[in-house]
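Count along the sequence shown starting at 1, add 43, and that's the number in this note's numbering. Note that beta-carbon positions come from the ideal geometry of N, C-alpha and C, so glycine has one too. All of these numbers come straight from a predicted model, not from anything done at the bench. See structure below.
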Amino acid sequence: MKKNNKDSENPEEKKETNSSQDTQLKWIIGAMVFIALGIFVIFWISNAAKSFDYAGVTFENTKVGSITLYSTVITGFGQNGLPIEYRLNLRNDPRELEIPVRGELNFIKGTPVYFSLDFDSGINECKDLLPIVDFSRFMYAMGFPLISSVTSDELSIQYQKPMADCTNKPGSTVLILSTGNESGIFRDSTNKNCYYLKVSNCEEEKVLERFEVAILAKFTGADIK
Numbered sequence: 044m045k046k047n048n049k050d051s052e053n054p055e056e057k058k059e060t061n062s063s064q065d066t067q068l069k070w071i072i073g074a075m076v077f078i079a080l081g082i083f084v085i086f087w088i089s090n091a092a093k094s095f096d097y098a099g100v101t102f103e104n105t106k107v108g109s110i111t112l113y114s115t116v117i118t119g120f121g122q123n124g125l126p127i128e129y130r131l132n133l134r135n136d137p138r139e140l141e142i143p144v145r146g147e148l149n150f151i152k153g154t155p156v157y158f159s160l161d162f163d164s165g166i167n168e169c170k171d172l173l174p175i176v177d178f179s180r181f182m183y184a185m186g187f188p189l190i191s192s193v194t195s196d197e198l199s200i201q202y203q204k205p206m207a208d209c210t211n212k213p214g215s216t217v218l219i220l221s222t223g224n225e226s227g228i229f230r231d232s233t234n235k236n237c238y239y240l241k242v243s244n245c246e247e248e249k250v251l252e253r254f255e256v257a258i259l260a261k262f263t264g265a266d267i268k
């Protein structure tokens with residue numbers, strides 16, 4: 044009678060075969076673990092590269108279509124005065140905004156904040172209104188709703204807006220948006236609660252976003268110089 048090949052297999056050969064299979068299995072498992080760790084590390088590095096700390100908050104770099112946004116979530120206030128989470132989306136990297144901020148920021152709590160447009164300077168020729176809308180939302184979330192105003196009596200009559208400048212609203216914070224040879228944010232030398240937001244080459248988006256970041260830094264105690 045012919046013996047079965049399996050029955051005739053040498054026990055030593057079986058042992059070697061099993062050992063070889065165990066070794067192969069260990070290599071396969073090890074390779075899978077290595078690949079999984081590699082994917083995790085790449086994913087972690089990728090996510091870490093998309094976030095950074097600045098002005099006392101953490102920003103995330105996100106893509107919306109072809110637009111890159113630098114976003115952070117802050118605690119703001121809703122229309123009912125209750126705390127809400129407000130998502131601030133910047134279109135410029137806050138670390139690269141080289142707009143000078145001269146003078147300490149100080150807003151008077153419980154009083155109006157006038158956002159005054161200096162049409163006489165030609166600021167109305169800058170047609171991009173989105174940065175102004177975004178800035179208004181940000182200030183509202185920070186607890187400082189804006190009152191739209193203008194910088195002269197003539198403009199006040201023409202546009203039916205209150206007139207506000209650095210001389211006639213001593214008990215309130217006044218922000219004056221106007222054009223200038225150099226973009227920058229400057230506190231008035233006489234009225235410490237009045238600020239000029241100077242815009243060169245219609246880069247009001249950069250000026251207002253820089254101002255938003257400076258306000259965040261003021262409230263978090265961070266240094267952005």
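(request) Output yes or no for whether 7 Å exceeds the beta carbon distance between Ile151 and Asn234. (result) Taking the sequence shown and counting its residues from 1, the one referred to as residue 151 is at position 108. Taking the sequence shown and counting its residues from 1, the one referred to as residue 234 is at position 191. No. Outside cutoff.
(request) From the DSSP output, in three-state form, read off Glu128 for me. (result) Taking the sequence shown and counting its residues from 1, the one referred to as residue 128 is at position 85. Correct three-state label for Glu128: strand.
(message) At 3 residues or longer, what runs of the beta strand (DSSP E) sit wholly inside the stretch 176-217?
(response) 189-193
(request) Only counting runs of 3 or more residues, tell me where the beta strand (DSSP E) segments fall wholly within the stretch 88-123, in order along the chain. (result) Here the runs fully enclosed are 94-97, 100-107, 110-120.
(message) Here's the rule: buried if 16 or more other CB atoms are within 10 angstroms of the residue's CB, otherwise exposed. What is Arg130?
(response) Locating residue 130 in the sequence shown gives position 87, where the first residue counts as 1. With fewer than 16 Cβ atoms within 10 Å of its Cβ, Arg130 is classed as exposed.
(message) Could you compute how far the alpha carbon of Asp96 sits from the alpha carbon of Phe102?
(response) Translated into the one-based positions of the sequence shown, residue 96 becomes position 53. Translated into the one-based positions of the sequence shown, residue 102 becomes position 59. Asp96 and Phe102 have their C-alpha atoms spaced approximately 6 Å apart.
(request) Grab the span of the alpha helix (DSSP H) containing Leu335 for me, first residue to last. (result) The question about residue 335 has no answer here: the residues shown for the chain are numbered 44 through 268.
(message) Quick check: what's the CA-CA separation for Met182 versus Ile166?
(response) Within the sequence shown, residue 182 is the residue found at index 139, counting from 1. Within the sequence shown, residue 166 is the residue found at index 123, counting from 1. The alpha-carbon atoms of Met182 and Ile166 are separated by roughly 20 Å.
(request) If I'm right that Gly99 touches Ala207 with Cβ under 8 Å, what's the distance once you round it to whole angstroms? (result) Within the sequence shown, residue 99 is the residue found at index 56, counting from 1. Within the sequence shown, residue 207 is the residue found at index 164, counting from 1. Actually they are not in contact, since the Cβ atoms of Gly99 and Ala207 sit about 30 Å apart, beyond 8 Å.
(request) Along the beta strand (DSSP E) that carries Cys237, what are the first and last residues, could you check? (result) Translated into positions along the sequence shown, residue 237 becomes position 194. Unbroken beta strand (DSSP E) run through Cys237: 237-242.
(request) Give me the Cα-Cα distance between Ile258 and Ile190, rounded to the nearest whole angstrom. (result) Counted from its first residue, the sequence shown places residue 258 at position 215. Counted from its first residue, the sequence shown places residue 190 at position 147. In a straight line, the C-alpha of Ile258 is about 18 Å away from that of Ile190.
(request) Indicate whether Gly186 and Phe254 have their beta-carbon atoms separated by less than 7 Å. (result) Here residue 186 refers to the residue found at position 143 when the sequence shown is read from its first residue. Here residue 254 refers to the residue found at position 211 when the sequence shown is read from its first residue. In this structure, Phe254 does not lie closer than 7 Å to Gly186 by Cβ.
(message) Distance check for Glu252 and Leu173, CA to CA, integer angstroms please.
(response) In the sequence shown, the residue the question calls residue 173 occupies position 130. In the sequence shown, the residue the question calls residue 252 occupies position 209. Near 11 Å, if we compare the C-alpha coordinates of Glu252 and Leu173.
(request) Could you spell out the range, first to last residue, of the beta strand (DSSP E) harbouring Gly227? (result) Reading the sequence shown from its first residue, position 184 is the one you call residue 227. Element bounds for Gly227: 227-230.
(request) On the DSSP bridge assignment, give the partners of Phe158 in chain order. (result) Here residue 158 corresponds to residue number 115 of the sequence shown, with the count starting at 1. In the DSSP output, where bridge partners are listed per residue, Phe158 has Ser191, Leu218.
(request) Compare the C-alpha of Gly108 against each of Arg134, Leu125, Val116 and name the closest. (result) Sequence index remark: in the sequence shown, residue 108 carries index 65 (1-based). Relative to the Cα of Gly108, the nearest Cα in the group Arg134, Leu125, Val116 belongs to Arg134.
(message) Spatial neighbours of Val148 within its chain, please: C-beta separation below 7 Å, excluding the five flanking residues on both sides.
(response) Counting from one through the sequence shown, the residue named residue 148 turns up at place 105. The identity of residue 148 in the sequence shown is Leu, whereas the question assumes Val. Cβ within range, chain order: Ala257, Ile258, Lys261.
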